[in-house]
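**Q** Residue numbers (our numbering), protein chains in the order written: chain D, 474 to 847; chain Y, 11 to 157; chain Z, 20 to 547. Quick one: the structure is below, and I'll ask about it shortly.
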Amino acid sequence: MSPYDTTAPAPSPASPGTAAPPATAGELRARVWESVMALDESAAIGAVVRALEEGMGAEDLLLDVIASVQRRVGREWAADRITVAQEHAATAINDRAVTALTLHPSAQTAPTRGRVAVACVEGEWHALPARLLAEVLRLRGWRVDYLGAQVSAPHLVAHLHRTGPDLVALSGSLATRLPAAHAAITACQAVGTPVLVGGAAFGPGSRYARLLGADGWAPDARAAADALARGPLPRVRPGHHAIDDLPHLRDQEYTLVARSRPQLVGSVFGQLADACPAMRTYSEVQREHTAEDLSHIVEFLAAALYTGDEDLFCGFLEWTAGVLDARGVPSASLRPALELLGRELQDFPRATAILRAGAARLTRTPLSPAGTAE
Amino acid sequence: MTSTPSAPFGLTYSAAQDTVRVELSGDLDHLHADLLLAAVDEVLTVHAGLGHLRLDCAGLSAVDSSGLAALLMVRRRTGGAGADLHLDARTVQLDRLLEVTGTLEYLTAPAARPQARRRAGRGPARGGPADENQSAAPPSGVAEPHV
Amino acid sequence: MLVADADAVVVHVNEAAGLVFPDARPGAALAGAVPGWLVSAHARCTVPVPAQRPPAGARTVQGRVGDRSYEAHPTPHDDGTVAWWLVDDTDHRLAREALWTERKRTEFLVRSSNLLLSSLNLDRCMDVTAQMAADHLADAALVIAPAQGLLLPVVSCVRGGSPSVSRVAVDPGEVPGLAEALQGFPPVPSRWLDPSAAPAWLVPEGLVALGSIVITPLPGHGVPAGALVLLRNGGAEAFTEGEEVFARLFAARAGAAMSAARLYAEQASITDTLMRELLPPSLHQVCGVEYAGGYRPSKDHERVGGDFYDVHPATGEGAPSLVVLGDVCGKGLEAAVMTGKIRNTLHALLPMADDHHRMLSLLNTSLLNTENARFATMVLASAARDGNAVRLRLTSAGHPAPLILRSDGRVEEARTKGTLVGALPEITTQTARVTLAPGDTCVLYTDGISEARGGPMGGAMFGEERLRRALSQCAAMPAEAVVEHVQMLTSQWVGAGRHDDMAVVVIAAPRTNHLSAVDGHTRGRFTA
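Listed below in structure tokens is the structure:
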């Protein structure tokens, strides 16, 4: 399936006295993946630390091994090949591996460049990509303040006032957090600090990075570090109003939909239960999952309204259909929910158009094979 | 998003012989705790020598830590006035709160009778070895009740 | 009025025009009699065109004559001559220029205010001030902040360049006017400085030859903000009085912004010091036991809330460490004060940590008062490594009992209960003893977690049942992953809604990896 498959041949174990040839990144990925899946923290950490001592660059280890293993964790989860618990445990072990690497004496760099604040968007809990960027920038001589997962705009701004960094690097993986990301970008720019954004939330490509007025975008940590090495991002101009970026927000549809999400979910849930007899046999946990799924649909609808981009919603539906399919849940169950939601929101022209486009996409597209969604 | 605003808190009295009944309704929280205390102070002033203060809790929707602190103060005041406090028609949530915080016995113990005071100070009447929170390993410890 | 023919020869000059152009007499060549701008305008006017409409060049023109300026309006005649009507517009032009300058200056002041006010960071304010001043007021500018110790923080910038920061060990008294300007009070006027008296550090690289220097104080709000030094090249014009006044207006804005930034920095550092005392510590592995903690304060009273936790590491190998997690009744500063008192008292009582009941009783007594029934609930956990296992003593004082998560996903409630502390004359407690096998974890939490309201349809309580369900998904996760998972679920549960403080602490017996070989990467473990 991929060069990181566990079935890839591994090097023969080192015998005492003879030094084994240093592992390649691919071999190392396979080894770390195996250890992470076995929840064998010391093996995972041992493998990367040994590779560092054998001369592999710390940046390559962070990005070509750990980040790669982490991406695979996400793919395997989407394809229902590992559980949520395994995903979390793997992430925690990867995080510890990052710590072990960066504490190692051969991965120390004295700061020679400016100061950067690295943070995740509020509501964003996937902190590892931001952590990796922080460590890569540190290795490249930046003075880095890593603020961690889910940083609220006020906390971020307070940090900027106190430390006056040259740049904020903002990470986000969830498109539903784009409104929060926009708030953070605007707030940072208002205090005169340019913002570089990255992460799955801002794409495909740099689409939403540009839309939300970020000063820079990078597809990955290495590209971000390269971009910063080329020179400072231009300082942003003051007196810019965020509303100018998104004139369609004037119709208030985003605000109203986002604010009434619980009521919308409640109402659609009730009607769905009436329309769909199978739901009556659902367990409490299953009912809750259904409500959560509806909640996600409304969140993504709200994000599509915010960005004015129906592709955001359609992409989410395709992804969800793939995930459901991998778990043996018929994705056809999404369509009645969209229909009921459309009826609830019939006075909202943009919302109904987005919902229609989403339903059409579900009908048109054959389900994407599970596991390729990323 | 919906936040849950505090439900309005209400009190209604009725007095008969040596008993005053107060019906509580709404949220007993940090916004309303002082109202209860003021009302109880007034009751104790007006009805000197009161035997029983019955708080009807059926209408209480939520009690937070400030609400519990107010109930504890009410108990101090009724105790000082020699009146018994009764918490009638407690909701499941209120019972749970009083249970977890270990205050149920204290709050409802009769006032100013020496043997009752001692009882209020006693630990939960659980003797003997308590279960161990242990799965596979052989149990070795016991719970330690204290006075 | 002046008339000239198609060959650019003056035909007629009236008296007024004669005063302006004394050499212009009939028959004289236009070129020698009037300025070039009028000669070429006339030439454009007399270009022969086939059509009957007036030549395209017949437009009003403007130009200088001596130190005054004129508008010249042409009227072409059929005989090929052009009559030029001259209007003196000197005053008009001056007024227009003054207005334009004024507009530019206002624009500049507004822009500097926007830039300066958007930051509360002192370094950023100094950068902006130096750069704006260099680009708009002078050829180079220095912003000098009051001395920090023996060093003078200086930001310098030359026009078109970017600001550079340095700290120079100099005596401001060496530069006339600088020491006074840096004092901030009493106010001093701007001061001219003889360029030859300027020390080398005052002159940024890139200036051709120093022409003039002016030192302007940056007035703060009762605190010294610094000084602005403007420098011009030798060739450039010296500063006019108007420019100097304007520089002072700019300095007032820059000074206000810099002193606000300085006050903010001081305030933030004081708050930081306080927070370090009040905020929970970050946890890690202590004496063979893993700890992780997470704390999300309520937004209603940002940062200093009523929940707290502490880990007091064991004093020796095999001795227990003490973990305390608690929740103080009430909100805001009063709750924070009580939290501080509890943490200090428990710290002082550490020597008797082997007797939870005694510790809590003493704490209870120290908190009792007659005015109110403000109380706290808490859990004490003593944890010691014993072989691969961790032995725990857990005592709840009116607090939700800790949950024990076994490595196979089972969740149990620790059998401990007791009364809250700080309100009742006496307390009762019941301590539970629990053994954690490798991979087991013990979860302490406050009711901000279990009573968080929200969910997909809003208004629902997260509840202990959901918490147990969530924990059973966390079997065998490292301690900090359990904390993060619980925090993530509860945060998502409340969404943007209001919530109480939420604190969670996890105590874990580290997993042992029996199957790992010495070299740490045995194959086949996954499929075994």
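Ideal placement from N, C-alpha and C gives every residue a C-beta, glycine not left out.
1) At a CB-CB cut-off below 7 Å, which residues of chain Z make contact with SER76 (chain Y)?
2) Between the segment 639 to 648 of chain D and the segment 661 to 677 of chain D, are three or more C-beta pairs nearer than 8 Å?
3) If you drop the 5 nearest sequence neighbours on each side, which residues of the same chain put their C-beta closer than 7 Å to that of CYS67 (chain Y)?
4) Keeping to the same chain, check which residues put their C-beta closer than 8 Å to that of ARG683 (chain D); ignore five residues upstream and five downstream.
5) Have a look at Y:TYR23, Y:SER24, Y:ALA25 and Y:ARG106 and flag the residue whose alpha-carbon is nearest the alpha-carbon of ALA72 (chain Y).
6) Distance cutoff 8 Å, beta carbons only. Does VAL594 (chain D) sit that close to anything in chain Z?
7) With 8 Å as the threshold, decide whether the Cβ of ASP520 (chain Z) is near any Cβ in chain Y.
8) Beta-carbon of LEU633 (chain D) versus every beta-carbon of chain Z: anything under 8 Å?
9) Note down, in chain order, each residue of its chain lying with its Cβ closer than 8 Å to the Cβ of GLU353 (chain Z), except the 5 sequence neighbours on either side.
10) Just to confirm my understanding: we take LEU525 (chain D), look at its own chain, exclude 5 residues before and 5 after, and list those with CB closer than 7 Å. What are they?
11) Where LEU229 (chain Z) and GLY245 (chain Z) are concerned, what is the direct C-alpha to C-alpha distance, given to the nearest angstrom?
12) Could you tell me the alpha carbon to alpha carbon distance between LEU382 (chain Z) and GLY345 (chain Z), rounded to whole angstroms?
13) Let me see if you follow: with CB-CB separation under 8 Å, is THR22 (chain Y) close to chain Z or not?
14) Need the endpoints of the beta strand (DSSP E) that THR109 (chain Z) sits in, please.
15) TRP550 (chain D) CB to nearest chain Z CB: under 8 Å?
16) What does ASP142 (chain Z) touch in chain D if you count any residue whose Cβ is under 8 Å from its own?
17) Looking at SER76 (chain Y) and ASP39 (chain Y), is the spacing between their C-beta atoms short of 8 Å?
18) DSSP beta-bridge partners for VAL233 (chain Z)?
19) Run down chain Y in chain order and give the residues with a C-beta less than 8 Å from the C-beta of THR384 (chain Z).
20) Using the Cβ count rule (16 or more neighbours within 10 Å means buried), how would you classify GLY831 (chain D)?
21) Are three or more beta carbon pairs between the segment 619 to 629 of chain D and the segment 655 to 665 of chain D nearer than 8 Å?
22) With 8 Å set as the bound, which would you pick, yes or no: does the beta-carbon of GLY739 (chain D) sit closer than that to a beta-carbon of chain Z?
23) List the endpoints of the continuous alpha helix (DSSP H) containing GLN492 (chain Z).
24) Can you grab the Cα-Cα spacing for the pair ALA279 (chain Z) / VAL184 (chain Z), in whole Å?
25) Considering only residues of the same chain and omitting the five flanking positions on each side of ARG487 (chain Z), which have a CB-CB separation below 8 Å?
26) Using 8 Å as the limit for Cβ to Cβ distance, is PHE394 (chain Z) near chain Y?
27) Name the chain Y residues that come within less than 8 Å of GLY406 (chain Z), Cβ to Cβ?
28) Give the range of the beta strand (DSSP E) segment to which LEU811 (chain D) is assigned.
29) Hey, is THR367 (chain Z)'s beta-carbon within less than 8 Å of any beta-carbon in chain Y?
30) Show which residues of chain Z have a CB atom less than 9 Å away from the CB atom of THR564 (chain D).
31) Can you tell me whether DSSP reads ASP693 (chain D) as helix, strand or coil?
32) Give me the Cβ distance between VAL771 (chain D) and VAL738 (chain D), rounded to the nearest whole Å; I'm assuming they're in contact under 8 Å.
33) Could you pull the DSSP bridge partners for LEU463 (chain Z) from this structure?
34) How long is the line joining the alpha carbons of GLY514 (chain Z) and ALA471 (chain Z), rounded to whole angstroms?
35) Using beta carbons (cut-off 8 Å, strictly below), is ALA648 (chain D) in contact with chain Z?
36) If I'm right that GLY437 (chain Z) touches THR414 (chain Z) with Cβ under 8 Å, what's the distance once you round it to whole angstroms?
**A** Let me lay it out:
1) The sequence position of residue 76 (chain Y) within the second sequence is 66, counting from 1. The answer, in chain order, is CYS348 and GLY349.
2) Because the criterion of three Cβ pairs below 8 Å is met, the segment 639 to 648 of chain D and the segment 661 to 677 of chain D touch.
3) The residue labelled residue 67 (chain Y) in the question sits at position 57 within the second sequence. Within the same chain, CYS67 (chain Y) has close Cβ partners LEU34, LEU97, ASP98, ALA99, ARG100, THR101 and LEU104.
4) Counting from 1 along the first sequence, the entry for residue 683 (chain D) is found at position 210. Take ARG683 (chain D), set aside five residues on each side of it, and the residues of its chain with a beta-carbon closer than 8 Å to its own are TRP690, in chain order.
5) On the second sequence, residue 72 (chain Y) is found 62 positions in, with the first residue counted as 1. For ALA72 (chain Y), the nearest C-alpha among the options comes from Y:ARG106.
6) As a working note, residue 594 (chain D) is residue 121 in the first sequence. Cβ-Cβ to chain Z under 8 Å: no for VAL594 (chain D).
7) Residue numbering aside, residue 520 (chain Z) sits at position 501 when the third sequence is read from its first letter. So, not an interface residue.
8) Mapped onto the first sequence, residue 633 (chain D) falls at position 160. Interface with chain Z (8 Å Cβ-Cβ cutoff): LEU633 (chain D) is included.
9) For the purposes of this step, residue 353 (chain Z) is identified with residue 334 of the third sequence, where counting begins at 1. Cβ within range, chain order: ARG393.
10) Position 52 of the first sequence, counted from the first residue, corresponds to residue 525 (chain D). In the same chain as LEU525 (chain D), and ignoring 5 residues on each side of it, the C-beta atoms closer than 7 Å to its own belong to ALA531, LEU534, LEU574, HIS577, SER579 and ALA580, in chain order.
11) In the third sequence, the residue the question calls residue 229 (chain Z) occupies position 210. In the third sequence, the residue the question calls residue 245 (chain Z) occupies position 226. For LEU229 (chain Z) and GLY245 (chain Z), the distance between alpha carbons rounds to 22 Å.
12) On the third sequence, residue 382 (chain Z) is found 363 positions in, with the first residue counted as 1. On the third sequence, residue 345 (chain Z) is found 326 positions in, with the first residue counted as 1. Approximately 13 Å, taken between the alpha carbons.
13) In the second sequence, the residue the question calls residue 22 (chain Y) occupies position 12. Not flagged as an interface residue toward chain Z: THR22 (chain Y), since no C-beta distance is shorter than 8 Å.
14) Sequence index remark: in the third sequence, residue 109 (chain Z) carries index 90 (1-based). Unbroken run through THR109 (chain Z) is the alpha helix (DSSP H), 109 to 136; no beta strand (DSSP E).
15) Numbered from 1 along the first sequence, position 77 holds the residue referred to as residue 550 (chain D). Taking Cβ atoms only, chain Z never reaches closer than 8 Å to TRP550 (chain D), which makes this a no.
16) Taking the first residue of the third sequence as 1, we reach residue 142 (chain Z) at position 123. Near ASP142 (chain Z) (Cβ distances below 8 Å), the residues of chain D are GLY637.
17) Residue 39 (chain Y) sits at position 29 when you count from the first residue of the second sequence. Residue 76 (chain Y) sits at position 66 when you count from the first residue of the second sequence. Annotated as proximal: ASP39 (chain Y) and SER76 (chain Y), with beta-carbon spacing under 8 Å.
18) The sequence position of residue 233 (chain Z) within the third sequence is 214, counting from 1. Bridge partners of VAL233 (chain Z): Z:TRP211 and Z:LEU249.
19) For this step, residue 384 (chain Z) is matched to residue 365 along the third sequence. The premise fails here: THR384 (chain Z) is roughly 13 Å from chain Y at the closest Cβ pair, so nothing lies under 8 Å.
20) In the first sequence, counting from the first residue as 1, residue 831 (chain D) sits at position 358. Counting Cβ neighbours within 10 Å, GLY831 (chain D) comes out buried, since at least 16 surround it.
21) With three or more CB-CB distances shorter than 8 Å, the segment 619 to 629 of chain D counts as touching the segment 655 to 665 of chain D.
22) In the first sequence, residue 739 (chain D) corresponds to position 266, counting from 1. It does: the Cβ of GLY739 (chain D) has a partner Cβ on chain Z nearer than 8 Å.
23) Reading the third sequence from its first residue, position 473 is the one you call residue 492 (chain Z). For GLN492 (chain Z), no alpha helix (DSSP H) encloses it, and the DSSP letter there is neither H nor E.
24) Residue 279 (chain Z) sits at position 260 when you count from the first residue of the third sequence. Residue 184 (chain Z) sits at position 165 when you count from the first residue of the third sequence. If you draw a straight line from the Cα of ALA279 (chain Z) to the Cα of VAL184 (chain Z), it is about 20 Å long.
25) As a working note, residue 487 (chain Z) is residue 468 in the third sequence. Take ARG487 (chain Z), set aside five residues on each side of it, and the residues of its chain with a beta-carbon closer than 8 Å to its own are LEU422 and VAL430, in chain order.
26) As a first step, residue 394 (chain Z) must be located in the third sequence, where it is residue number 375. Output row for PHE394 (chain Z): interface = yes.
27) Working through the third sequence from its first residue, we reach residue 406 (chain Z) at position 387. Contact of GLY406 (chain Z) with chain Y by beta-carbon distance below 8 Å is absent, the smallest such distance being about 11 Å.
28) Taking the first residue of the first sequence as position 1, residue 811 (chain D) is located at position 338. Note, LEU811 (chain D): premise wrong, no beta strand (DSSP E); alpha helix (DSSP H) at 807 to 817.
29) To locate residue 367 (chain Z), count along the third sequence from 1; it is residue 348. It should be pointed out that residue 367 (chain Z) corresponds to Ala in this sequence rather than to Thr. So, not an interface residue.
30) To locate residue 564 (chain D), count along the first sequence from 1; it is residue 91. Going along chain Z in sequence order, the residues near THR564 (chain D) (Cβ under 9 Å) are ALA500 and GLU503.
31) Locating residue 693 (chain D) in the first sequence gives position 220, counting from the first residue. Shown here, ASP693 (chain D) sits in coil according to DSSP, grouped into three states, outside any helix or strand.
32) As a first step, residue 771 (chain D) is located in the first sequence; it is residue number 298 there, counting from the start. As a first step, residue 738 (chain D) is located in the first sequence; it is residue number 265 there, counting from the start. A Cβ-Cβ distance of about 6 Å is found for the pair VAL771 (chain D) and VAL738 (chain D), placing them in contact under the 8 Å criterion.
33) Locating residue 463 (chain Z) in the third sequence gives position 444, counting from the first residue. The partner list for LEU463 (chain Z) (beta bridge, DSSP) reads Z:VAL524.
34) Mapped onto the third sequence, residue 514 (chain Z) falls at position 495. Mapped onto the third sequence, residue 471 (chain Z) falls at position 452. For GLY514 (chain Z) and ALA471 (chain Z), the distance between alpha carbons rounds to 10 Å.
35) Sequence index remark: in the first sequence, residue 648 (chain D) carries index 175 (1-based). So no, ALA648 (chain D) is outside the interface.
36) The residue you call residue 437 (chain Z) lines up with position 418 of the third sequence. The residue you call residue 414 (chain Z) lines up with position 395 of the third sequence. Confirmed, about 6 Å.
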